Structures are given as structure tokens and as C-alpha cells.
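What follows is one structure encoded as C-alpha cells, with my remarks underneath.
Residue numbers (my numbering), protein chains in the order written: chain A, 153 to 627; chain B, 14 to 981.
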């Protein structure tokens, strides 16, 4: 069974290329765990550490010894150990049962930023005397904030020395990585006062079946403002002598400066028709805005590219995110194309797309998508849906791909990425990749580079090589 | 401000991956060391536990003061040193520990060697010394939490070993202190573990109406109420201790229920019942309260003894409470010196069991009395007026027998009905035996079946069974017919270790129905009554172990058992000698017996009615010494005096039982005695001699009945070892107080031993009539009996002027001294203290200097880093960076976060043209802050890597700041 599962996993097409480094090591209690559910939304667990068993072993020993020696004080010692076990088991349970929690957290953040969670702890209504006799102290509170590709919480438990009627704790995460983090619940731990056993109570925010409705934080990739100087290079990279002028529909015109007029194209708003000029020349002319003059582009991100490590991939994703923002800022509506396609049926979607909200195409959707994407291992390309390259034949297709290692030294690891403009004909390379797995080791871009050198189709040109995200600013 | 370029930081991910060669050795797995424990509270408590255990052990094994000093010195020094050097491993600490271990082991072997040479090897004390040494030495190695736990476990082991020796009440207090300390240890450790598991987050509490006041209250609560929680542990321990079933009780429960299940009976899960009549609490020091009739306590204020006469008359000896037949000869008292108030005249027992049989022996010497009063001369030993009865073999008639140099045959001893030591007259408080037992039991010695109206005798010993050692280990008694345990009868096994402390003749005191006895000499003779005799007299110092079956009578069940007339008839025929009554018994007794017993119910019910009748309607008063009584004892008791000691009670009970056709017999022996808090053993003294009856109940064999008002047999008192039993007992005592039933005063040391043995003097009526016990010629005092009952003055002196009643009272009210024999320390022929001084003290001085130096350094460091109580290394580095940034005029405000601090680099408000900041400083700081935040709030496992990076960065910042500073 294990072998079967391993085999299945090795052939799974959406297997992540890099083993996800754990965001946080699960707070380890080397103990026997006994858990049960005390209410629909709360679970209680008892952690019995080694020391409890030692104490439990001591009791019969001392007890029998007391019988053998007929010394009453052995019974007193045994009674002490029994009492310690009883109190050690019962009092922490009382602590966790007496406290309820609530938590509030932001909806989104950016990679590298810390997130502040506010956790409110409230005791049940008690008199002061009762609170004096049964204090709630030394609680460990942990928000179980788990990344969608992680298994453990990214937050350490927070220590609360004393809980009065109501207390609250601010838990700051470490700088978060890109991804989607779900708040599974709030856990409180206590071993007060004797530390013999830990009790924990987990306040689940939603039931298991409604996983999507859990509070979550979307951590978008890092983004920098790009000046856009590289756009002129796109023009020269295309086959058209006209460049990519007015290649995009002004769906999101941000500039009010009118550059001139042009012919009406399908999809132009009638409001933009310059009626005077149209009447003069006898055909429909529409206003051409300044922004429209800039070349439009779509962006392709190949998850199956030969990413050498996670940092390289993160750099690529951040650049893509920045380029997407630039595109929208310039008034265009660039498409984010992902290989393999993420638009297919649900069963073909990789795991990180399971919780993708249904959003219309746009910056929000691309942001959510980029927050989730993971580099994938090579799989059967035929099993995936063919990637749609969009309808526009005029917009350039930009891609961020790993810089190829052109030297003979195979041990050299190059972490830089290429910003390249490629024609939309790279589908053929993709098909080639499907036919020959050996050749398809570098499915698109490596092949494209080879082709660029003269043999076969031209798949684009490298505009620049980027080592750090900050370099994109002046791009 | 110039925007600095980003520095290139080393990244692990950029390093080329190491190529694996097949011959590359596998890298050694890194051993993760447990972090050092910083909690001072935890260490103080651990040190306290070590000190407590060491002191306790040394006190109870009588260690020399030098040894105690070194142990304590080691524990205290070790605790301090291990705290100071918890972050480093030093050679000299290892050396000290190793050297100390060698010394401790050397001491162990030396002690064992000395013991071996003296021929008395007892490994416990040397072993305790080893553990004590280990405890002291281990304090040098209290680096981490696990070490402290090990130290506490060693302490527990040491404590348990000490508990084998320590049985006094002081040890209970020490145990409670130990439990309290352990609770504190667990608390501090729990806090430490909780702290290490979670980062201290920002938290706040909602202030309510009066913010300041509330805050103050909450602050107090947060500090104080943890200790309230901790105090619950010792309290709960006491409650659990009181309600914890003892091992025997638990076994009894299991075994009895197995038997019940086999017999098809319903299971009885009330395991807390104590089958022997006294709850387990009775064995708990300080909680035992023995009934009066057992001599455990009681005794009314002694009547002031009148001053004696001219010294010729010994006072009448007090009764011991074990008398069966009153009577003693009249004669002159002993001529010994008697001290008022405590003197035990040999004038004779007032209520000796077989006093009437006293012969013409000379009066015993007057006993020595109390210590704090001047003694008057005791009366002369009484001279027998008439020749003694044939049966009189009273050893006390000759003074010499007090020394045990005159031995009698077992038969003589049996017939003389010696319940006590021979010299009990003189030594009422003399210790007879010590018993280590988990329960209070009666100790059966002898049984009488023949009653002539004035005395009890044994008709015949019957066929005696000889029991020899089985496998050289113990004598098996289970096969003896007279010690047969009825099948189906519920009983509990009880093992007792008995040490005889006086010469007591040939009769072995044993509890209930003995089944095995490990007596040093063979053979053990068992007569038809189940009494155990030895061939040679039992001498002081004899030690033996008895395993007995203690019947657990279910009185409800016994009452409900149907009466079988055929059974009764066969019983009557079989036990004819147990139905014997003296000729001329007053018919009033029979009439009374029949009216009391009634016609309904079975034998047990009738016997119980008689027993209850006597308990309720007759008063226990052992000071009744009706010397002139010539009537039959039972009649005299039932219709005349209506009060008496256990002898008349027992006689009346047996006679009444016999009068209604119930086979009955008299038993002589001892009550449970006093529980000595100092030794943890029951001490049975002369005063604890007791008598009770046994009635044959078909199906249950001989069932004991103690007809005295406070008698417990056969049914246990309601008290048990359960918590509710204790509470109930407390309420009863309270109600007694409200009802003006003042608790019985503490036991009085009897003036004179009430002699269960024949009168020690010559006070013997020649015709065998009940004599007047110890009637003093000159003495007008009335000595009063032992067993803790009111005693008349035992003053039998010659009327010394200072023989005042007051003096007598004061001396008699004095509690009997408890003889606690402390264990002897093993001899130490080799004095190696100087050697130890040389080996330990010199390094100790060095250590002390080192410790002081370390303390001074730490104090300086603590003064420097005073912001946080227990800063993490990353926090220290952060504070260092903050200090460094202050040099370039970038100050951190109290509310600033690390990000705020970074923002000050580019803030125009903080721009100072005079200060030039190195362009690398900001990115370095930024990276440092990222790492700091990750370390403070993150929970990945790269802490070590981060720590090294942060250290490197802080050093870089440190140098950058200073370089620029100097450049300026």
C-alpha cells in the first residue's frame, strides 16, 4: 500500500518540484496524546509525558513498599505522588475549560511582511474568590495559521502569564512567505501548576467540511514599481514592422491625454468615436490615447520550467506580479498565462488551486493566482489541458524563465531569471516536449533558447537578465 | 541621505550543493544539548529538597556532624556553582564530582567492612549514606531541567530509604515539607517549560471600573494565587493518605471477595473495613485511640494515696486490668522502697486473676515509683497467712522470680495464669514486647476453661501439637486442629514482627489465629485451646514473626444465621467442659442470663445480647478492689458492685453464656498497647494485660467477645481508614465534648501492677478464698491497676512525710516515657575526616573564590543588561545594536518597533547633517531586524543559523558605527 502510494505520488503531475520547507516546526510535545471533541467546535487533548508514567509507576512501588515495611509514612509519600498526579491532570483541564478565545486577523499581506493577530481570551464569569482560588495562569496560546502547502502553524505559541476576566494577546508572525494561510483554529495549552500533563483545547473556527470558509490571509508576492523602460524593446522583438502600437484595447484607460485618432476596431467604445473626424474621412475613427501607444503584453509563467531553487521561482513570481501591475497601471489588461493551464476542470487542477476563489480576469485574480502558484515537477504534459495563449495576436508575450546554463560546468547553479519576449508559437515546443520526454527535459524555454540559436523556430528573445527584484525597478 | 546599495549577504542556498561521493563518511549526527536552566526559583527549590533530604537522612541514621556538614556544604555549594557555570562545562567540576563519588563509595565500603567485622551487617545505613552523598554531589551537575528532575528523584529515593527507619511523627511533618517542596519544584519547572515553549507576547487586560485599584488587585492575585494552587497538593495528600487503603486492606478485600464469589455470596466492596476491630487509622501515629479497657489510655485522676504506715505494709497493688479473678492474699507488704505515686508495691495484686491461689510466698519487694517524688519506703513483702493452695505456683511469691532466675514448667505457668511479666508488680510500665504491625490486635496468650467461682484454671492442656521448623524457616501451625480456620469464614492475613522485651515465661503472645510462626527455637507446642508455648522460657530480646488469620466477622450475617437446634445439642455434648459452672452458682445469674439472652436468635445473637448487656449496664472500674469479697465473682460483680475490671466482666460474660448453654471460655493476653510515635511500633506493657471471652458459634468456631464497655471484639468499630470514618470520628468527639463527656485523661502510669499473676506478696488466703489483694498493713493506700485505668495510689511507703497525694498525682499524671532507641551509628574506627578536609576543603576554597568572582562578574553583566529579566540571546544582540545606533543619532523610543527604528534611517526629522551614516549600515540593520523578528516570533528550526548571522551582523554594525564615529 505504501509502495502504491509512493508510486502514485511520483507520477502525480502536479507534484511540487521543491519540497516545501516547513514554515514552522510543530511545537513538539513528546507525549502520548489522547484527544476527544467536547463540542462541535472545540476539541480537547491530553498530552501525557514520560514523567506522568514515571510518577504512576512510583505509586505502586511505594505502596507495596509501605505494605512490606508497615510504615505509614510510605503511604503518605504514595498519597503525595497520587495527589500530584491527580492535581497535575485535573488543574490544567480546568484551566483550558475555563477560557474561551477569539481571534482577528487581516485578509491579506505581502510576502516578507509580518502579520499581527489579536487573540482575545476570556474567562467564564466567576466571583473574585473563585478566581483567586482557581487562577488561570501560564497559558500557551497559539493561532494555528497554516500555509496551504504547509502542515504546521507558522506561529509559535504565545505565553500568557495570567488571564483575568479578559485578556488579549497580539501574536506577530515572522515575515510570511507568499501563499495562502488558513487559520485552522486557536489552541490553548496549559500544564499549570505542576507541569505533569498538558491539556490543550482547540477552538476550531469552522468545521472540517467548510474548509474554504476559514479565515485566511492571502500573502501576495512582493511587488515593485517598474518604470517600464523596457517596453521599447518589446517593439523590436516583434515581427510586425508597426510594432505593437495600439495592440490593446483601452479597457482601462488611465490616461486622459489624447494622442490622435485611429480607426475603429471591434470592441471600441462608441463613446470614443471622434465623430468630426469620422464624418470628415467617411469612416469611423476613435480617439487614441497616450497609453494606447505603449506596447501591450501578456505574461507567461511556466511552472514546469527548470527552476533551480525556490528563491529563483519566488523572484520570477515577484517579477510577474510587478509586470502585471505595470500592465494594469499603463491601462492595459495583460493576461497571466500559466503552464500548465489552470483553467481546466477541477480534477486537472493542482492542489494549490483548490481554494482559488472565483474571480473575473484582472489584477485581483492574477494576484490570487500568483499567491498560490508553485513550481511543478515534470509530469505528463498530455494529461494537462493545453494552455491557451489568449486571443490577441498583437500583444507581446513576456515570460520570466530561469537563465539557462550555457557553460560546461554542470555544477554551477545560476539563480538569475530571464525576462524574455516570446512569440506565441511556443506551443509547438510544448507539443515537442510531450513527444520526447528526454528532449522535453527543458520543455519550453531551454528549447526556445536552442531554437533561437538557429535551429528551428524562433521562440523569443531575452530582454534582460535579472538577479534581484530590486533591479526590476529601473527596468 | 544617500540611498545605500544593498549589501550582498551570504545565503546558504547559493552555495553549490556538495557532491556526494560514495566514500564520504556519514556526517555525525549532532547531539542536541538541553538548554541550561536559568530559573533561579527552580534551583532554589531543588537545593531545598536536597538539603531537606540530606538533613532528614542524616538525622535518622545518626550521621556524624562532620558528615552532615560536608553533605550540606556540598549541596549548597554545588547548587550555587552549578548555577554559575550552567552554560559551560568545566573540568574541575567533573573532577570534584568524581572525587566526591569515590569518597562516598569508599565510605560505603568502609562502613560495610566495619559492620562485617562486628558481625552485624546492616546495609541500609551505609546505603543511605551513599545516597546522601550522591544527592549532595549531584547538585554540582544541575545544569538543565532534566538534571534537576534527576536530583529530585534521588531525593525521593533517599527519602524512601530514610522512611524505612523513620517512623515518628516528625517524619510526617518532614514528608509534608518534602511534598510542598516538590510541588514548588514542579510549579517552577512547569513555568520554565511553559516559558521556553512560548514567546512572551504583548498582552493586556481590560481594566474595569476602577482601573488602578483593579490593576493592583490583579497584580496581587497573579502573584499570590499560584501558591494557593500549590498548597492544594499537601492538603490533598493528607486527605488521600487518610483514605488510602492499606495494602492489607486491599488484599483482604480481594481475598474476601474471591471467597465470597466462590461461596456464591454477594460481593462486599467496603474494603475500608478493618477486620480486626480497629481501623487502620489506629495504626497511624497520633490518630490511634485505644479503648480504655485495653490500657491504651484512660485512667482517672488518681486518688491521692494516703501516706503509708510505718513502712511495714506494702500498698495494695494496682490491678492490671487483666485480672480474671479478684482476690489475693492478705499479708504484709513488701519492704522495698516505694515511691508514692508510682510505686508498685509487692503487696499483692488487687485483682489478680488467680490471686486466691497465692501461697505462702514472701511478699515481693515494693516497686520503685515515680522519679519526681521522694519515695517512701515500701511495705514489706506480705507474708502469707496460710499455706498456699496446691495450685499456687505463683512465681511472684518469691522476689527472686522477678529476675527471672526461677523457671517453672509450662504447666505451672499456665495454671498460675501469668498474664504479665513476673516483675510486673514493680514495673507497671515495663515493656513486654514491641510489635510491628499494620493493625491493632489483641494478643492471645492463654485460655481457661475451668471456673470454680473464684478462679480460672485450665482443666487439661489436652494433646499438645509439636510444631517444628519447616525448611529451617518457620513453624507451620495451620495443620494444628485448635488453630483451624473455619472454611468459608472471612479472614485477613496479618503479619506481625514481635520483639519480646522482658522474660515472659513460656506462653507466646500471638494475634488471632496464628498460621505460621518463625520462632528461633523448636518446638512450638500448641495446646487444645490454641495457646502457643515454647519449650524454653521466652527471654528478652527474642524476636519472631507471626502470620495470623484475623477473622472478619460479618455480624449482620451472623445474627441472621438460622438457629439449628441439632447443632446446638451436638455442641452442648461436644463442649461439655466449656459449659462447666461452679457448684452452687447463684440461680439469679442463670435467671439474669436467660432474661438477657432471650430465647430468640442463634447462639451469636444471644452471646451478643449478653455482651451488650454487660457493656451498657456495668461500669468499667479497675480501681475496685473489693478485698473482702468472698462471694462468687460473677455474682459479686453482677449484683453487688456492678463495676469492675476486665476480669469480672469476662467472668460474668462467660458464666452467663454458659448459663444459657453457650460454650464459652476465658482468654488472657494483651491489648494492642500503645503506638509509639518515635519507633512506629506498638509497645505492649504490663499495663496492657487484658482478658476477654470466647464463645463457640457453630460455623464460626470460637468468636471472641470483649464485654468491657469499650471492648471492640468481635465487631470492628465503625471507624475505618476512610475519610468519612475520620470525619465521623471527629464529630463523635465533638459531640462528646458538648455532652460534657470529657475525653478520658491521658493514661496514668499505674502505681502498681495489677497482677494478673498471683499475688506477689503473701496476701493469700490459705483456704484458697479470694484474698485481699495487697492489703497493706500499714498502708492505707489503694493502689490501682494498670491498663490505664484509674489507679489508687500505689504508695505503699512507710508514711514518709513527703508522700503527699499531690506529689503522687503529679508523678502519676506524667506520661509514660517512650523509649525510643535511636539506631546506633556504625563504628568508624578509621578517622578520615582530616583526609576529607584536605581533599575537599582546599578545592572548596578555590571554588568559593571562583564562585565569588563569577558572581561579581554576573552582577556587573546584570547591571548592564537590566531591561529584561531573562533576555534571549537575540534580544541581547538587539539591545546591543540599539546602543550602537545611538552613536549615529538613531535613537529608539520606548514604543518603537524594529521597523520604526529602521524608518528612522530615512526619516527627515531625524536627519542630522553632522552625522554621516555608513551606507552599509541601513541594509545591515534591516537584515538584522528581519532576523530578529524571525527569531522572536518565528518558529522554524533555523534558530542556530540565525543566531550566528545576527551575531555577525551585530558585530559588523558595531564596527561600522565606531569607524564612522572615529572618522567624524
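All C-beta atoms in this analysis are idealised placements derived from N, C-alpha and C, irrespective of residue type, glycine included.
Keep in mind that this is a model prediction, so the values were computed, not measured.
Start-to-end residues for the beta strand (DSSP E) that takes in residue i
{"i": "residue 479/B", "result": "478-480"}
{"i": "residue 353/A", "result": "349-356"}
{"i": "residue 254/A", "result": "251-256"}
{"i": "residue 370/A", "result": "368-372"}
{"i": "residue 333/A", "result": "331-342"}
{"i": "residue 290/A", "result": "288-299"}
{"i": "residue 101/B", "result": "Counting along the chain, residue 101/B falls outside any beta strand (DSSP E), and DSSP gives it neither H nor E."}
{"i": "residue 520/B", "result": "518-521"}
{"i": "residue 548/B", "result": "545-551"}
Within-9 Å CB hit, residue i to chain B
{"i": "residue 205/A", "result": "no"}
{"i": "residue 311/A", "result": "yes"}
{"i": "residue 635/A", "result": "For chain A, the structure presents residues 153 to 627; residue 635/A sits outside this window and is missing."}
{"i": "residue 417/A", "result": "no"}
{"i": "residue 351/A", "result": "no"}
{"i": "residue 218/A", "result": "yes"}
{"i": "residue 331/A", "result": "no"}
{"i": "residue 254/A", "result": "no"}
Residue burial classification, residue i (beta-carbon count within 10 angstroms, cutoff 16)
{"i": "residue 399/B", "result": "In this predicted model, residue 399/B has a pLDDT of only 37, less than 50, meaning its place in the structure is not dependable; the value taken from the coordinates is given anyway. Buried is the call here."}
{"i": "residue 570/A", "result": "buried"}
{"i": "residue 524/A", "result": "buried"}
{"i": "residue 615/B", "result": "buried"}
{"i": "residue 535/B", "result": "exposed"}
{"i": "residue 115/A", "result": "As displayed, chain A neither begins before 153 nor continues past 627, which places residue 115/A out of reach and without an answer."}
{"i": "residue 511/A", "result": "exposed"}
{"i": "residue 958/B", "result": "exposed"}
{"i": "residue 983/B", "result": "Because residue 983/B is not part of the residues shown, which for chain B are 14 to 981, the question remains open."}
{"i": "residue 606/B", "result": "buried"}
{"i": "residue 294/B", "result": "Unreliable positioning characterises residue 294/B in this predicted model, as indicated by a pLDDT of 38, which lies under 50. The coordinate reading is nonetheless provided below. Answer is buried; the Cβ neighbour count reaches 16."}
Extent of the continuous alpha helix (DSSP H) to which residue i belongs
{"i": "residue 669/B", "result": "659-672"}
{"i": "residue 95/B", "result": "78-97"}
{"i": "residue 564/B", "result": "Run containing residue 564/B: none in the alpha helix (DSSP H); it sits in the beta strand (DSSP E), 556-564."}
Min CB distance residue i to chain A below 9 Å
{"i": "residue 558/B", "result": "no"}
{"i": "residue 400/B", "result": "Low confidence applies here, because residue 400/B scores a pLDDT of 35, under 50, leaving its location unreliable; read the following figure in that light. Not one chain A Cβ lies under 9 Å of residue 400/B."}
{"i": "residue 449/B", "result": "yes"}
{"i": "residue 188/B", "result": "yes"}
{"i": "residue 249/B", "result": "yes"}
{"i": "residue 260/B", "result": "yes"}
{"i": "residue 243/B", "result": "yes"}
Any C-beta of chain C under 9 Å from that of residue i
{"i": "residue 206/B", "result": "Structure shown: chain C not included; protein chains present are A and B."}
TODO: Could you tell me whether the stretch 231-241 of chain A touches the stretch 269-279 of chain A, where touching means 3 or more Cβ pairs closer than 8 Å?
DONE: no
Open item on the list: Between the stretch 192-206 of chain A and the stretch 335-353 of chain A, can you find at least three pairs of beta-carbon atoms closer than 8 Å?
Closed with: yes
Task: Segment contact flag, the stretch 669-685 of chain B with the stretch 594-611 of chain B, C-beta cutoff 8 Å, min 3 pairs - done: yes
TODO: Taking 8 Å as the threshold, find out whether the stretch 150-160 of chain B comes into contact with the stretch 176-184 of chain B through three or more Cβ pairs.
DONE: no
Open item on the list: Does the contact criterion of 3 or more C-beta pairs under 8 Å hold for the stretch 119-132 of chain B versus the stretch 61-73 of chain B?
Closed with: no
- [ ] Note down, in chain order, all residues in the stretch 133-147 of chain B with a beta-carbon under 8 Å from any beta-carbon belonging to chain A.
- [x] none
TODO: Would you be able to state if there are at least three C-beta pairs under 8 Å between the stretch 484-492 of chain A and the stretch 467-476 of chain A?
DONE: yes
- [ ] Evaluate the contact criterion for the stretch 930-947 of chain B versus the stretch 893-905 of chain B: three or more CB pairs, one atom per stretch, below 8 Å.
- [x] yes
Open item on the list: Using 8 Å as the cut-off, can you tell me whether the stretch 185-202 of chain B makes contact with the stretch 213-228 of chain A, which would need three or more C-beta pairs spanning the two stretches below that distance?
Closed with: yes
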